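Residue numbers (the numbering used here), protein chains in the order written: chain A, 1 to 118; chain B, 1001 to 1368.
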């Protein structure tokens, strides 16, 4: 489970982009940990109020963030929610959203662990 | 990691740095890209949406823009269109940031003038290559602009050079425009016989001194130097960039030539031990003319063509038959936007090939 949730190569790429600066990586992970709950709440809010654009946009950002940090399973779920929301199918988005939240719950401790090791 | 960095280095042996504007609504992507670019020595600014990006570019230019496609409000496609529609920004290399699944939008952006695209998730080697490519394009554009500026600076007042170079209006740069302007011709009387009795280097020195004075009178009054013809000079005012006060500026230049510049030139000559004091002939005429660059791709010259220009040249010749060094066509008098002291009626003449007579004027108090 843990290995498929987070692609180690992606973290290596990120660190390299940052010029090997582990402190910057930690800061970015902190930002992500702060950002994701808000985005998930936006996705929910869109479903609750029938605002497919809001859900689609939140899912788009979650997908992009997840890809950046190598959370491939999470990115795939976010992509499916984005596609459903953009098609106006909030029902399908609502069905997938809990899985995305579980995926994030798996990823978060792994990211923090990677940062400690960096 | 080290291996990859070396690989990145090989993309561009001499890695240039520049100022990059990162536009993305996602704060994590903004931070990641700005840290990555700063680590490579670039100066980075960020914008969180399209409107903010355009504001930043308005305040100060960047060398390259990294622009996210999917953003709330004004999306990246619209920001790109606005950049490409702005003559001051349209050369700016824009690299679109996109997801790998957004192929259609990427194609559309490239068709709209985006330089390239950078897929998410980011690859550091590709990021460096894209930025290096954008900076190279920027540098080539700057060299091209500086070449163009040099070309125009030879005959345009400095204040106009940037306007022409930056202008996206290709008519001004290369094609022709029809406009109302004022043409001015000058001639140095008796220079040919003066030159025959002197050494070539002396002749050239005297000629350059004279043409330098007269050219400054043109450029300082916002005119365009079209050509030197031996000891003569042709200038236009209100072209290639139109202006309302071209007649006023042409006459101010003519007055400055005859009242200040010619006496100063003659004083310089006497200081050199020359007894000769020169007189000039100046002809000025206003009206419609065609203005543009003519020649070939290898040699380009600015030209103004038309009856107005021919008439100005003939008025300059006609000064030999009048006790006036300056003859002004009535059309110039009519187009003055302000009263000019000393404007005096001279005569009414019918120029060869014309059917209607033309009133001629001069300026009082300009003769030595």
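Every residue, glycine too, gets a C-beta built ideally from N, C-alpha and C. All of these numbers come straight from a predicted model, not from anything done at the bench.
Quick one: what does DSSP say residue i is sitting in, helix, strand or coil?
i                      : result
residue 1361 (chain B) : strand
residue 1220 (chain B) : helix
residue 1366 (chain B) : coil
residue 91 (chain A)   : helix
residue 1347 (chain B) : strand
residue 1 (chain A)    : Because the pLDDT at residue 1 (chain A) is just 41, under 50, the model does not fix this residue reliably, and the value given afterwards should be weighed accordingly. Residue 1 (chain A): coil per DSSP, three-state reduction.
residue 1019 (chain B) : strand
residue 1027 (chain B) : helix
residue 1102 (chain B) : coil
residue 1206 (chain B) : helix
residue 1370 (chain B) : Nothing about residue 1370 (chain B) can be read from this structure; chain B reaches only from 1001 to 1368.
residue 1177 (chain B) : strand
residue 38 (chain A)   : helix
residue 1087 (chain B) : coil
residue 1013 (chain B) : Low confidence applies here, because residue 1013 (chain B) scores a pLDDT of 43, under 50, leaving its location unreliable; read the following figure in that light. The answer is coil: DSSP assigns residue 1013 (chain B) none of H, G, I, E or B.
residue 1275 (chain B) : coil
residue 1289 (chain B) : strand
residue 45 (chain A)   : helix
residue 9 (chain A)    : helix
residue 1066 (chain B) : strand
residue 109 (chain A)  : helix
residue 1115 (chain B) : coil
residue 1034 (chain B) : helix
residue 1110 (chain B) : helix
Out of the options, which one is the CA nearest neighbour of residue i?
i                      : options                        : result
residue 1293 (chain B) : B:1287, B:1286, B:1302, B:1195 : B:1302
residue 1093 (chain B) : B:1128, B:1134, B:1315         : B:1134
residue 972 (chain B)  : B:1088, B:1053, B:1362         : With chain B covering 1001 to 1368 only, the question about residue 972 (chain B) has no answer from this structure.
residue 1132 (chain B) : B:1065, B:1361, B:1182         : B:1065
residue 945 (chain B)  : B:1319, B:1274, B:1336         : Here chain B comprises residues numbered 1001 to 1368, so residue 945 (chain B) is not present and cannot be evaluated.
residue 1254 (chain B) : B:1102, B:1125, B:1363         : B:1363
residue 1228 (chain B) : B:1041, B:1207, B:1245, B:1237 : B:1207
residue 1230 (chain B) : B:1215, B:1191, B:1250, B:1240 : B:1191
residue 1223 (chain B) : B:1209, B:1256, B:1197, B:1205 : B:1256
residue 42 (chain A)   : A:54, A:68, A:80               : A:54
residue 1177 (chain B) : B:1058, B:1057, B:1241         : B:1241
residue 46 (chain A)   : A:94, A:27, A:106, A:72        : A:94
residue 1202 (chain B) : B:1365, B:1269, B:1337         : B:1269
residue 1278 (chain B) : B:1034, B:1337, B:1186, B:1332 : B:1186
residue 64 (chain A)   : B:1042, B:1099, B:1161         : B:1099
residue 1281 (chain B) : B:1081, B:1244, B:1188         : B:1188
residue 1236 (chain B) : B:1028, B:1264, B:1312         : B:1312
residue 1210 (chain B) : B:1305, B:1086, B:1042, B:1262 : B:1262
residue 1334 (chain B) : B:1245, B:1357, B:1353, B:1304 : B:1245
residue 1221 (chain B) : B:1182, B:1016, B:1071, B:1049 : B:1182
residue 1315 (chain B) : B:1127, B:1193, B:1184         : B:1184
residue 1035 (chain B) : A:25, A:34, A:36, A:32         : A:25
residue 1338 (chain B) : B:1216, B:1248, B:1151, B:1252 : B:1248
Given that residue i touches chain A, what residues does it touch there, using C-beta distances under 7 Å?
i                      : result
residue 1070 (chain B) : 60
residue 1124 (chain B) : 13, 16, 17
Please compile the residues from chain B whose C-beta is within a distance smaller than 8 Å of the C-beta of residue i.
i                    : result
residue 30 (chain A) : Under the 8 Å cutoff, chain B gives no residues; its nearest Cβ is about 10 Å from residue 30 (chain A).
residue 76 (chain A) : Simply none; closest approach about 11 Å.
residue 21 (chain A) : 1035, 1039
residue 10 (chain A) : 1121
Would you mind giving the Cβ-Cβ distance between residue i and residue j, rounded to the nearest angstrom? I have them listed as a contact below 8 Å.
i                      : j                      : result
residue 1325 (chain B) : residue 1258 (chain B) : 6 Å
residue 59 (chain A)   : residue 88 (chain A)   : About 13 Å separates the two Cβ atoms, so there is no contact after all.
residue 1023 (chain B) : residue 1044 (chain B) : The Cβ separation is near 11 Å, so there is no contact.
residue 39 (chain A)   : residue 61 (chain A)   : 6 Å
residue 1374 (chain B) : residue 1139 (chain B) : The structure shown does not extend to residue 1374 (chain B), since chain B is modelled only from 1001 to 1368, so the question has no answer here.
residue 1032 (chain B) : residue 17 (chain A)   : 7 Å
residue 5 (chain A)    : residue 71 (chain A)   : 6 Å
residue 1049 (chain B) : residue 1077 (chain B) : Rounded, the Cβ-Cβ distance is 14 Å, inconsistent with contact.
residue 1080 (chain B) : residue 1067 (chain B) : 6 Å
Output, in chain order, the set of chain A residues within a Cβ distance shorter than 8 Å of residue i.
i                      : result
residue 1073 (chain B) : Within chain A, no residue comes near residue 1073 (chain B); the closest Cβ sits about 11 Å away, beyond 8 Å.
By the criterion of Cβ-Cβ separation under 7 Å, what are the contact partners of residue i in chain B?
i                     : result
residue 67 (chain A)  : 1120, 1121
residue 113 (chain A) : Near residue 113 (chain A) there are no residues of chain B at all, since even the closest Cβ is about 19 Å away, more than 7 Å.
residue 26 (chain A)  : The premise fails here: residue 26 (chain A) is roughly 12 Å from chain B at the closest Cβ pair, so nothing lies under 7 Å.
residue 57 (chain A)  : 1072
Which residues does DSSP list as the beta-bridge partners of residue i?
i                      : result
residue 1093 (chain B) : Answer by DSSP bridge pairing: none, since residue 1093 (chain B) is not bridged.
residue 1199 (chain B) : In DSSP, residue 1199 (chain B) forms no bridge with anything.
residue 1120 (chain B) : B:1099
residue 1301 (chain B) : B:1294
residue 1185 (chain B) : B:1234, B:1283
residue 79 (chain A)   : Beta-bridge pairing links residue 79 (chain A) to no other residue.
residue 1225 (chain B) : B:1235
residue 1045 (chain B) : B:1021
residue 1328 (chain B) : B:1284, B:1361
I want to verify the contact list: residues of chain A whose CB lies under 9 Å from the CB of residue i, in sequence order.
i                      : result
residue 1027 (chain B) : 31, 35
residue 1099 (chain B) : 60, 63, 64, 67, 79
residue 1127 (chain B) : 17
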